[in-house]
Amino acid sequence: MPSPRLLVIEGNSPKTMAEHKAVGGTIASQGYGDLLRELLPGAAVDVCYPGDVAAALPQGQALEGYDGIAITGSGLHVYNDGPEVTRQIDLVRAALSTGTPLFGSCWGLQVLTVAAGGQVRRNPKGREIGFGRGIRLTDAGRKHPMYVGKIEVFNAPTVHLDEVETVAPGTTILASNAVSAVQSAEIRTNGSVAWGVQYHPEYPLRELAAIVRRIGTGLIAEGFFGDETEVKAFSQELDTLDKDPACKRLSWRHGISTNVLDKKLRTSEVANWIEFQVLPTRAKRGRG
126 MPSPRLLVIE GNSPKTMAEH KAVGGTIASQ GYGDLLRELL PGAAVDVCYP GDVAAALPQG
186 QALEGYDGIA ITGSGLHVYN DGPEVTRQID LVRAALSTGT PLFGSCWGLQ VLTVAAGGQV
246 RRNPKGREIG FGRGIRLTDA GRKHPMYVGK IEVFNAPTVH LDEVETVAPG TTILASNAVS
306 AVQSAEIRTN GSVAWGVQYH PEYPLRELAA IVRRIGTGLI AEGFFGDETE VKAFSQELDT
366 LDKDPACKRL SWRHGISTNV LDKKLRTSEV ANWIEFQVLP TRAKRGRG
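Here the sequence shown is numbered in my numbering, starting from 126 and rising by one per residue.
As C-alpha coordinates, then:
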(Lines of atoms letter the chains of each structure in order from A and count residues from 1; the text may use other names and numbers.)
(Lines give C-alpha, C1' and ligand atoms only; values in the text may rest on other atoms or scores of the structure.)
Protein backbone atom coordinates (compact mmCIF):
# COMPACT_ATOMS: atom_id res chain seq x y z
CA MET A 1 0.00 0.00 0.00
CA PRO A 2 1.22 3.54 -0.69
CA SER A 3 2.17 5.75 2.23
CA PRO A 4 -0.49 8.06 3.64
CA ARG A 5 -0.61 11.44 1.89
CA LEU A 6 -1.59 14.57 3.75
CA LEU A 7 -1.93 18.16 2.57
CA VAL A 8 -1.32 21.24 4.70
CA ILE A 9 -2.94 24.47 3.52
CA GLU A 10 -0.81 27.40 4.67
CA GLY A 11 -3.15 30.21 5.68
CA ASN A 12 -0.66 33.08 5.79
CA SER A 13 0.48 35.50 3.13
CA PRO A 14 4.16 35.53 2.10
CA LYS A 15 4.56 38.82 4.02
CA THR A 16 3.35 37.33 7.31
CA MET A 17 5.42 34.19 6.83
CA ALA A 18 8.55 36.30 6.36
CA GLU A 19 7.76 38.45 9.39
CA HIS A 20 7.14 35.39 11.56
CA LYS A 21 10.39 33.76 10.51
CA ALA A 22 12.25 37.00 11.20
CA VAL A 23 11.23 36.92 14.89
CA GLY A 24 12.36 33.33 15.32
CA GLY A 25 9.10 31.55 14.54
CA THR A 26 8.47 28.48 12.43
CA ILE A 27 6.26 28.85 9.35
CA ALA A 28 2.82 27.52 10.34
CA SER A 29 2.66 24.88 7.61
CA GLN A 30 6.14 23.62 8.45
CA GLY A 31 5.25 23.17 12.11
CA TYR A 32 1.96 21.49 11.21
CA GLY A 33 3.68 19.19 8.76
CA ASP A 34 6.27 18.16 11.33
CA LEU A 35 3.52 17.32 13.82
CA LEU A 36 1.56 15.28 11.27
CA ARG A 37 4.65 13.26 10.36
CA GLU A 38 5.26 12.63 14.05
CA LEU A 39 1.68 11.48 14.65
CA LEU A 40 1.52 9.42 11.45
CA PRO A 41 5.02 8.04 10.83
CA GLY A 42 5.79 7.46 7.18
CA ALA A 43 3.21 9.94 5.93
CA ALA A 44 4.06 12.15 2.98
CA VAL A 45 3.05 15.75 3.69
CA ASP A 46 2.61 18.32 0.94
CA VAL A 47 2.07 22.05 1.47
CA CYS A 48 0.19 24.55 -0.69
CA TYR A 49 0.18 28.34 -0.36
CA PRO A 50 -3.14 29.88 -1.45
CA GLY A 51 -2.24 33.10 0.42
CA ASP A 52 0.49 33.56 -2.22
CA VAL A 53 -1.43 34.72 -5.28
CA ALA A 54 1.37 33.47 -7.54
CA ALA A 55 1.36 29.90 -6.17
CA ALA A 56 -0.25 26.99 -8.00
CA LEU A 57 -2.99 25.12 -6.13
CA PRO A 58 -4.15 21.48 -6.26
CA GLN A 59 -7.54 20.92 -7.84
CA GLY A 60 -10.08 18.15 -8.50
CA GLN A 61 -8.53 14.70 -8.41
CA ALA A 62 -5.37 16.08 -6.83
CA LEU A 63 -7.37 16.98 -3.72
CA GLU A 64 -9.14 13.62 -3.73
CA GLY A 65 -5.76 11.91 -3.70
CA TYR A 66 -5.02 13.06 -0.16
CA ASP A 67 -5.98 11.08 2.93
CA GLY A 68 -6.40 14.23 5.02
CA ILE A 69 -6.16 18.00 4.68
CA ALA A 70 -5.11 20.33 7.52
CA ILE A 71 -5.51 24.12 7.49
CA THR A 72 -3.18 26.34 9.53
CA GLY A 73 -3.84 29.57 11.35
CA SER A 74 -3.34 32.93 9.64
CA GLY A 75 -2.91 36.63 10.20
CA LEU A 76 -5.56 37.31 7.53
CA HIS A 77 -9.25 38.05 8.11
CA VAL A 78 -11.68 35.86 6.22
CA TYR A 79 -14.25 38.65 5.81
CA ASN A 80 -11.78 40.83 3.89
CA ASP A 81 -11.72 40.88 0.11
CA GLY A 82 -8.62 40.05 -1.88
CA PRO A 83 -7.28 37.02 -3.71
CA GLU A 84 -5.15 35.88 -0.77
CA VAL A 85 -8.46 35.27 1.07
CA THR A 86 -10.84 34.25 -1.72
CA ARG A 87 -8.39 31.69 -3.10
CA GLN A 88 -8.39 29.96 0.27
CA ILE A 89 -12.18 29.91 0.55
CA ASP A 90 -12.48 28.49 -2.97
CA LEU A 91 -9.83 25.85 -2.29
CA VAL A 92 -11.45 24.72 0.96
CA ARG A 93 -14.88 24.68 -0.68
CA ALA A 94 -13.45 22.38 -3.35
CA ALA A 95 -11.84 20.18 -0.70
CA LEU A 96 -15.20 19.87 1.07
CA SER A 97 -16.61 18.20 -2.04
CA THR A 98 -14.04 15.38 -2.08
CA GLY A 99 -14.97 13.36 1.01
CA THR A 100 -11.43 13.84 2.30
CA PRO A 101 -11.28 14.54 6.07
CA LEU A 102 -10.29 18.10 6.99
CA PHE A 103 -8.96 19.66 10.18
CA GLY A 104 -8.66 23.41 10.72
CA SER A 105 -6.98 25.42 13.48
CA CYS A 106 -8.21 28.96 14.21
CA TRP A 107 -8.25 30.51 10.71
CA GLY A 108 -8.82 26.96 9.50
CA LEU A 109 -12.12 26.74 11.41
CA GLN A 110 -13.12 30.16 10.09
CA VAL A 111 -12.37 29.30 6.44
CA LEU A 112 -14.20 25.99 6.77
CA THR A 113 -17.20 27.82 8.21
CA VAL A 114 -17.37 30.38 5.39
CA ALA A 115 -16.72 27.78 2.68
CA ALA A 116 -19.62 25.72 4.06
CA GLY A 117 -22.04 28.67 4.20
CA GLY A 118 -21.50 30.28 7.62
CA GLN A 119 -20.23 33.70 8.67
CA VAL A 120 -17.21 35.02 10.58
CA ARG A 121 -16.80 38.42 12.26
CA ARG A 122 -14.35 40.39 14.33
CA ASN A 123 -15.02 39.29 17.90
CA PRO A 124 -16.81 42.12 19.72
CA LYS A 125 -15.21 40.90 22.96
CA GLY A 126 -11.77 41.52 21.54
CA ARG A 127 -8.72 39.36 21.06
CA GLU A 128 -8.00 36.09 22.82
CA ILE A 129 -4.22 35.79 23.16
CA GLY A 130 -1.81 33.40 24.85
CA PHE A 131 -4.19 30.83 26.25
CA GLY A 132 -7.87 30.20 25.75
CA ARG A 133 -9.19 29.79 29.29
CA GLY A 134 -12.06 27.66 30.47
CA ILE A 135 -12.83 25.99 27.15
CA ARG A 136 -15.74 23.70 28.00
CA LEU A 137 -16.99 20.74 26.00
CA THR A 138 -20.66 20.75 25.03
CA ASP A 139 -22.79 17.63 25.46
CA ALA A 140 -21.93 16.73 21.86
CA GLY A 141 -18.25 17.47 22.50
CA ARG A 142 -18.06 15.11 25.47
CA LYS A 143 -19.18 12.27 23.20
CA HIS A 144 -17.14 13.29 20.17
CA PRO A 145 -14.06 11.32 19.03
CA MET A 146 -12.01 14.52 18.68
CA TYR A 147 -12.01 14.77 22.47
CA VAL A 148 -11.16 11.22 23.44
CA GLY A 149 -8.72 11.54 26.35
CA LYS A 150 -9.47 15.26 26.90
CA ILE A 151 -10.80 16.69 30.13
CA GLU A 152 -14.16 18.49 30.04
CA VAL A 153 -12.78 21.97 30.79
CA PHE A 154 -9.30 22.91 29.58
CA ASN A 155 -6.99 25.68 28.44
CA ALA A 156 -5.22 25.77 25.07
CA PRO A 157 -2.69 27.86 23.13
CA THR A 158 -4.73 30.61 21.47
CA VAL A 159 -4.38 33.72 19.35
CA HIS A 160 -7.34 35.11 17.43
CA LEU A 161 -9.20 38.36 16.85
CA ASP A 162 -12.10 36.88 14.86
CA GLU A 163 -14.77 34.30 15.63
CA VAL A 164 -17.55 32.26 14.04
CA GLU A 165 -20.67 34.42 14.07
CA THR A 166 -23.11 32.13 12.25
CA VAL A 167 -22.36 28.42 11.98
CA ALA A 168 -22.67 26.74 8.59
CA PRO A 169 -25.43 24.21 7.89
CA GLY A 170 -24.38 20.79 9.16
CA THR A 171 -22.36 22.21 12.06
CA THR A 172 -22.26 20.75 15.56
CA ILE A 173 -20.63 22.96 18.21
CA LEU A 174 -18.27 20.88 20.36
CA ALA A 175 -16.75 23.45 22.76
CA SER A 176 -17.25 27.04 23.93
CA ASN A 177 -15.84 29.52 26.42
CA ALA A 178 -16.58 33.02 27.69
CA VAL A 179 -14.79 34.67 24.74
CA SER A 180 -16.18 32.65 21.82
CA ALA A 181 -19.31 30.53 21.62
CA VAL A 182 -17.66 28.37 18.97
CA GLN A 183 -14.30 27.11 20.24
CA SER A 184 -14.60 23.94 18.19
CA ALA A 185 -17.03 22.33 15.79
CA GLU A 186 -17.68 19.50 13.38
CA ILE A 187 -18.99 20.46 9.94
CA ARG A 188 -20.69 17.89 7.71
CA THR A 189 -21.30 19.00 4.14
CA ASN A 190 -21.23 17.50 0.64
CA GLY A 191 -20.30 14.10 2.05
CA SER A 192 -17.24 15.49 3.80
CA VAL A 193 -16.48 15.76 7.50
CA ALA A 194 -14.37 18.63 8.84
CA TRP A 195 -13.22 19.21 12.39
CA GLY A 196 -12.17 22.69 13.44
CA VAL A 197 -10.90 24.38 16.60
CA GLN A 198 -10.57 28.10 17.35
CA TYR A 199 -7.40 27.46 19.35
CA HIS A 200 -4.05 25.91 18.36
CA PRO A 201 -3.38 22.36 19.60
CA GLU A 202 -0.47 22.23 17.14
CA TYR A 203 1.42 25.17 18.71
CA PRO A 204 4.29 24.66 21.15
CA LEU A 205 4.80 27.58 23.54
CA ARG A 206 7.73 28.88 21.51
CA GLU A 207 5.34 29.61 18.63
CA LEU A 208 3.11 31.67 20.90
CA ALA A 209 6.23 33.53 22.00
CA ALA A 210 7.14 34.28 18.38
CA ILE A 211 3.63 35.52 17.60
CA VAL A 212 3.70 37.84 20.61
CA ARG A 213 7.00 39.26 19.39
CA ARG A 214 5.63 39.67 15.85
CA ILE A 215 2.40 41.47 16.81
CA GLY A 216 3.67 43.04 20.03
CA THR A 217 3.03 46.65 18.97
CA GLY A 218 -0.62 45.83 18.32
CA LEU A 219 -0.92 43.99 21.63
CA ILE A 220 0.37 47.08 23.45
CA ALA A 221 -2.24 49.21 21.67
CA GLU A 222 -4.93 46.71 22.70
CA GLY A 223 -3.87 46.94 26.34
CA PHE A 224 -2.38 43.46 26.83
CA PHE A 225 1.10 44.87 27.55
CA GLY A 226 2.32 48.22 28.84
CA ASP A 227 5.38 48.47 26.64
CA GLU A 228 7.98 46.55 24.62
CA THR A 229 9.76 45.48 27.80
CA GLU A 230 6.66 43.60 28.95
CA VAL A 231 6.24 42.02 25.52
CA LYS A 232 9.84 40.82 25.60
CA ALA A 233 9.57 39.47 29.13
CA PHE A 234 6.38 37.53 28.38
CA SER A 235 7.76 35.98 25.20
CA GLN A 236 11.02 35.06 26.94
CA GLU A 237 9.11 33.30 29.72
CA LEU A 238 7.12 31.30 27.18
CA ASP A 239 10.36 30.33 25.44
CA THR A 240 11.83 29.23 28.78
CA LEU A 241 8.73 27.19 29.64
CA ASP A 242 8.82 25.59 26.19
CA LYS A 243 12.35 24.35 26.89
CA ASP A 244 11.57 23.39 30.49
CA PRO A 245 7.88 22.40 30.88
CA ALA A 246 8.60 21.31 34.46
CA CYS A 247 9.37 24.91 35.51
CA LYS A 248 6.82 25.29 38.30
CA ARG A 249 7.60 28.99 38.80
CA LEU A 250 6.51 29.93 35.26
CA SER A 251 3.68 27.43 34.83
CA TRP A 252 2.18 28.71 38.10
CA ARG A 253 2.68 32.36 37.14
CA HIS A 254 0.90 31.95 33.82
CA GLY A 255 -1.68 29.43 34.98
CA ILE A 256 -0.58 26.81 32.45
CA SER A 257 -1.67 23.26 33.21
CA THR A 258 -0.35 19.85 32.21
CA ASN A 259 -2.99 19.79 29.50
CA VAL A 260 -0.93 22.44 27.68
CA LEU A 261 2.58 21.50 28.83
CA ASP A 262 2.27 17.81 27.96
CA LYS A 263 2.62 17.58 24.17
CA LYS A 264 0.57 14.40 23.89
CA LEU A 265 -2.34 15.99 25.74
CA ARG A 266 -2.04 19.33 23.93
CA THR A 267 -2.06 17.79 20.45
CA SER A 268 -4.67 15.10 21.14
CA GLU A 269 -7.30 16.70 18.89
CA VAL A 270 -5.01 16.33 15.87
CA ALA A 271 -4.00 12.80 16.89
CA ASN A 272 -7.66 11.84 17.26
CA TRP A 273 -8.41 13.29 13.82
CA ILE A 274 -5.81 10.98 12.32
CA GLU A 275 -7.07 7.97 14.28
CA PHE A 276 -10.81 8.47 13.84
CA GLN A 277 -11.03 10.30 10.50
CA VAL A 278 -7.93 9.98 8.34
CA LEU A 279 -7.11 6.31 8.83
CA PRO A 280 -10.72 4.98 8.64
CA THR A 281 -11.42 7.01 5.48
CA ARG A 282 -8.15 5.80 3.97
CA ALA A 283 -9.18 2.20 4.71
CA LYS A 284 -12.62 2.70 3.10
CA ARG A 285 -10.88 3.99 -0.02
CA GLY A 286 -8.75 0.84 -0.14
CA ARG A 287 -5.50 2.62 0.58
CA GLY A 288 -4.59 0.99 3.85
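The beta-carbon is built from N, C-alpha and C at its ideal position, and this holds for glycine as well.
Spell out the partners DSSP gives Gln402 in its beta bridges. Note: Gln402 sits in no beta bridge, so no partner.
Under 8 Å: do the region 224-232 and the region 260-270 share three or more Cβ pairs, one atom per stretch? no
Between the C-alpha atoms of Lys373 and Ser360, what's the straight-line distance to the nearest angstrom? Those two C-alpha atoms are separated by around 17 Å.
Are the CB atoms of Gln155 and Cys231 nearer to each other than 7 Å? no
Do Leu330 and Leu366 have their beta-carbon atoms positioned less than 7 Å apart in this structure? yes
So, with DSSP's three-state summary, where would you put Arg261? strand
Could you check the C-alpha separation between Tyr174 and Ala153 for me, to the nearest Å? 11 Å
Closer than 8 Å is the cut-off here; do at least three beta carbon pairs connect the region 349-363 with the region 162-170? no
Looking at Gly136: is its Cβ nearer than 7 Å to the Cβ of Gly193? no
Since Asn384 and Pro270 are thought to touch, with beta carbons under 8 Å apart, how far apart are those beta carbons, to the nearest angstrom? Contact flag wrong, Cβ pair sits at about 18 Å.
Write down the C-beta distance between Ala293 and Gly242 rounded to the nearest angstrom, noting that I regard them as a contact closer than 8 Å. 4 Å
Runs of 3 residues minimum, wholly inside the region 199-274: which ones carry the beta strand (DSSP E) assignment? 227-230, 244-247, 253-262
Alpha helix (DSSP H) containing Gly316: first to last residue? Looking at the DSSP string, Gly316 is not in any alpha helix (DSSP H), and its letter there is neither H nor E.
Simplified DSSP assignment, three categories, for Pro370: coil
Would you check if there are 3 or more beta carbon pairs closer than 8 Å linking the region 203-219 to the region 171-187? A contact is defined here as three or more CB-CB pairs under 8 Å, and the region 203-219 meets this definition with respect to the region 171-187.
Whose CA, out of Leu161, Ala371, Lys388, His202, lies closest to the CA of Leu404? Here the closest residue by C-alpha is Leu161.
Helix, strand or coil for Phe359? Go by DSSP, reduced to three states. For Phe359, the secondary structure class from DSSP, reduced to helix, strand or coil, is helix.
Pull up the distance between the alpha-carbon of Gly158 and that of Pro370, whole angstroms please. 23 Å
Here's a check: name, in chain order, each residue in its chain whose Cβ is nearer than 7 Å to the Cβ of Ala303, leaving out the five neighbours to either side. Gly259
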